[in-house]
Each structure stands twice: as C-alpha cells, then as structure tokens.
Amino acid sequence: MRFLPVFLDLQSGVVVLVGAGDLARAKLRLLAAAGARVRWYATDGHHDLTALDLPAPGADEAARIELANDDPLTADLTGVIAILCAGAGAIGPAMSARAKAVGLPVNVMDDLQHSTFIFPAIVDRGDVVVAVGTGGASPVVARRVRELIEAMLPARIGDLAGFIGRWRKTIHGLIPEFALRRRFWERVVDGPIGALVLAGRTDEAEAALKGIADPSAFAGSLPSGRPEGKVTLVGAGPGDPDLLTVKALRALQDADVVFYDELVSPEILDRARRDAARIPVGRRVGKPGIGQDAVNNLLVEAAKSGRRAVRLKGGDSFVFGRGGEEIEALRQAGIAYSVVPGITAGLGAAAQFEVPLTFRHEALRITFLTAHKAKDAEAVGWSTLTDEKMTIVVYMGMTAAPSVRAGLLAAGRSPQTPVGVFARVTRPDAQAVVGTLDGLPGLVEKIDGGPAILIIGDVVAHSAPWRQSNLAQLVSYFQVAAE
Ligand code: SAH
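Okay, here's the thing in structure tokens:
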C-alpha cells in the first residue's frame, strides 16, 4: 500500500485549485459539493462558474469559491490545506515543487510522479463515506469497486451513522466500559432501532433509544457484569477468500480472537478484524499440534473470559475437521456456540476442475473418505466401495495413494477407473493431474505439494483436465495425420 486513505477536514482551511477547462471544473464541482472553501487560479484566465451546475448555486457556494488572479507560483499560501492541479499544463509540476517545498499535500491530475496524494473513487452517503483507491493504477477498477459497494450499502446508512453520532456522548456516559458499549451499539445497529433508521423512521428510532437511554430503564436492558463470550466454528473453505460465506466474514469481523488451523490461508486470516488476536493451533507436517484437548480448553477459556472466539478451519468444520468434538466440549462447559459451514475441499476441487460428482445414470452416490488409515483395510472398509456408480472423494490421500489403489482394486473396482489428483484447490497455485486408478501412485508423484484431494470414479472423465488431455492427444493426432 503506497497511498494510505485518510480524510481531510475541509473546514480547516482553503483548498487551492490551479487549472482550467473541464478538468478543473469537475474538481470544482466535487469540492463545492463537499463544502470546501476553494481558491481557484484559472490558468486560461476564464473564471467561468456559470457552467458549473453546482448542487445549490446560491450565494453560499459562490462565496466559498474565491477567484484569484495573481500568480499561483508566488501567491501567499497561508491557510491553505491542499493544492490541486487539474488541466494546469506545465504549471502542474512547478506547483508541485512549490507545494513540496512548503510541505503541503499536492495532487497533479494524472501525474503520480508529481502528486503526494491522489483522489479515491468515493461512495458518499452523508456521514458514511467510502474511499476506494488502486494506488493510481486503475481508476476504472476503482469505479467498479465503488459500484459494488454502492449496490451493497443500504441507502440510509449515512443517517444511521449520524443518528449514532448524536447519541455517542450520552451513551458513553452511561456505559463507560468499552467492550460493553461496543456491544450495545452493535445491538442498536443490528436490531430494531437500526432497522427503523434505515427505513427512514428516525423519529421512532430516537424515541426507542431515548427509552433505553433513560438511566432507570437502562439498567435492565443490558446483561449485567462481564459480557458473555461465545465460540463460532467457521469453515474457511479450501483457500480462495472469495469462497467465504457472508456469515463467515461477519463472524471474522466480529471476533476478538481467532484460533486457526494450518490449512487456513493468510488471505483469509486477513479478513479478521485488525485488532483481533490470531492464534495458530494446527498441526504441521511432521510436527504435532497442541492436541485436541488443548484446543478445546483454549476455546472454553476464551469464551469464559468474555471474548468472542472464532475457531477457523480449512474447508468445513464437520468434514474431517473434528468440529463435532469441539462443540461437544463447548456444550459440556455450558458455552454458547454456533457453526458456520464452509466449502469443503472436495467440493472446491469439483467446482474448480469441473468434476460433476453426481451424473445421471453414471454416478448416483458420493462417499467422502479419509485415507488417514488407508493401510488398515478394516478401518476403511474397502468392500463398501465396490459400486461403480459411486464417486469416491478421498481426503488425506497423498501418502496413502498406493493403499487406496490396492484397496479399491481388491474390492473389484476397474483399474481403468478415471481418477484425478487435485492439489491446493482454489488457490493461485492449484494443480490437477488425471489418469486411471491403476496409475494412481504415479499421478500423486507428479504433484508439487499438498494438500490434495483424490476423486475416483467415471465422472472424472467429464472434468476439465481430462477433456484437455484428450483434446491435446486429438490435436497432435490430426497434426501428425496432416503432415
Ligand atoms: N475440513 C477440511 C478437511 C481437513 S482434512 C475440509 O472440509 O476440506 C485435510 C485434507 O483436506 C487434506 O489432506 C486434503 O486432502 C484436503 N484439503 C484441504 N484443503 C485442500 C485444498 N486447498 N486442496 C486440496 N485438498 C485440500
């Protein structure tokens, strides 16, 4: 990040605008709408305000725009808080040098080299303002992001911020304790009072808040003493942060502490609240983790100390994730908990590489299997996997690949059954190798590192890598034939 978004107080001084033409006028319009005091040096000598189409072209706006006729390169800069050059031609770089010399922030339009700040794309909802930047790389991308945010934000979100702003002091006096106060505001924002404001019924919201802000009524409206903690088991999905559910994101944003596994990617951890504690509790290859009992204890302790904990796991917590044991421990300790599902690695692999796990007439059943104990034939029960119309999705199957092959062949599955090995799925370095059951151990050797999922069954022949490999053969066949 080269440019840090900060918000400039337009009440604190004058903004100097140097330039002419449509570019300068566009900036004037923006500044006037934001309520800035502007000193405009029109480099072509035409101070034409009539074409500006100001939001309310009254005396007020006109008074805030001061038309200057002297030379901006030598003019007095007392009281100036920022300098913009738009359509200023050669004066831009010279003005930039002057601004830098006196330590004023300067923007020369479309000229990163001479700018010390840049303009973001803006979502403006009154008190709620969102700034979107791309470090000057692509205003078009910034605008797309702005459109997405525009679509997502409730229209009256600014009213809600203003409403809370008016009550902040009062509530601060009533609830001095920070964590409790934050929770109070969360209830207001997420509850019926927030809904009233967003529906435009601010008067009713005021009355409702007044009711609970009355000290005598207030005592009963909050749980006494320490806030209650809770634990949310969150499935992080196979790696791509865009595959988090909206609920998962919300839980991450809400958490005071995040206990995460080795499978959780750093990009996903980054979605947690910035000041949340992040504690790794997973195993590493060859190194044991802290053990399930210790993890259970950490979760219980975190909740008992009043914190909101997220237990973040790769894929889904209930698919080879030991989530069941964790909620059992939480139940026994009387801790409040909830579970947010995630996209399990097998489904991530299927989607990314286009393996339809079921297919009319061809695949009617799916088995999710761990090969953790593949050498122990009884533990796996290979004989239950003989059905040709069953797709088998194998977790932890890399090192056990020879046992998986032997077990399935012994159970009578054809050596020609299509198989795929899908590694690091949904991550930038995802990899797929396809072939047949007979050659499975060799396929696994072609993988440049786990984690990897095996999918075994006729449906793998529909997958993208399989189609591509056959296509490649076909193309080379025709090329040879043509020669
Ligand atoms: N709870 C997880 C599974 C944990 S078991 C889930 O629902 O996905 C660990 C196994 O998951 C790994 O050995 C591997 O088989 C699989 N796995 C996890 N993430 C993966 C990924 N990004 N790509 C391929 N396989 C993955």
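With positions in the sequence shown counted from 1, the corresponding number in the working numbering is that position plus 761.
Built from N, CA and C at the ideal position, the CB exists for glycine as well.
Would you kindly check if the distance between the Cβ of residue j and the Cβ of residue i is under 8 Å?
i	j	result
Val1061	Leu1091	yes
Glu1023	Arg1044	yes
Val1019	Val1071	yes
Leu957	Tyr1021	no
Ala1106	Gly1076	yes
Ala882	Arg904	yes
Val1165	Ile1214	no
Thr1145	Phe1081	no
Pro1250	Pro1212	Lying before the first or after the last residue shown, residue 1250 is absent from the chain, which here runs from 762 to 1244.
Ala795	Leu771	yes
Thr1147	Ala1124	no
Ile842	Ser773	yes
Pro1179	Thr1160	no
Gly848	Ala781	yes
Ile1216	Ala1111	yes
Arg942	Ile936	yes
Val1195	Ser1224	yes
Mapping DSSP to helix, strand and coil, what is residue i?
i	result
Lys991	strand
Met856	helix
Leu771	helix
Met870	coil
Met1151	strand
Thr1131	strand
Ala959	In the sequence as displayed, the identity of residue 959 is Leu instead of Ala. Helix at Leu959.
Pro1041	strand
Trp1227	helix
Glu1089	helix
Gly981	Low local confidence applies: a pLDDT of 49 at Gly981 is under 50, so the model's placement there is unreliable, with the coordinate-based value given in what follows. Helix at Gly981.
Gly998	strand
Ile954	helix
Thr1006	coil
Val949	helix
Ala1070	strand
Ile883	strand
Thr895	coil
Glu827	strand
Pro818	Interpretation of Pro818 is limited by its pLDDT of 46, a score under 50 that renders its predicted location unreliable; no figure is taken from the coordinates.
Gly1076	strand
Phe1183	strand
Phe1114	coil
Ile1214	strand
Arg798	strand
Ser1144	helix
Ala793	helix
My guess is that residue i and residue j are in contact by the Cβ rule of under 8 Å, so how many angstroms apart are they, rounded?
i	j	result
Val777	Arg763	With a Cβ gap of about 24 Å, Val777 and Arg763 do not count as contacting.
Asp888	Ala922	4 Å
Arg735	Gly955	This structure does not reach residue 735, given that the chain is present from 762 up to 1244, and the question cannot be answered.
Glu989	Gly1095	Not a contact, Cβ separation roughly 11 Å.
Gly1158	Pro1226	That belief does not hold up - the Cβ atoms of Gly1158 and Pro1226 are roughly 17 Å apart, past 8 Å.
Pro1002	Arg962	Actually they do not touch by this definition, with Cβ atoms about 37 Å apart.
Leu828	His808	4 Å
Asp1036	Arg1069	In fact, because the Cβ distance is near 13 Å, the residues do not count as touching under 8 Å.
Gly897	Leu865	At roughly 19 Å, the Cβ-Cβ gap does not stay under 8 Å, so Gly897 and Leu865 are not in contact.
Ser899	Leu994	Not really, about 38 Å apart at Cβ, beyond 8 Å.
Val1116	Val1221	6 Å
Evaluate residue i with the Cβ neighbour count: other Cβ atoms within 10 Å of its Cβ, from every protein chain shown; 16 or more gives buried, anything less gives exposed.
i	result
Gly1218	buried
Asp920	buried
Lys1134	exposed
Thr835	exposed
Val1323	Outside the shown range of the chain (762 to 1244) lies residue 1323, about which nothing can therefore be said.
Lys991	buried
His875	buried
Thr804	buried
Asp1190	exposed
Lys971	exposed
Val779	buried
Lys1207	exposed
Met870	buried
Ala851	exposed
Met913	exposed
Gly998	buried
Val901	exposed
Glu1089	exposed
Glu947	exposed
Arg1174	buried
Thr811	exposed
Lys930	exposed
Phe768	exposed
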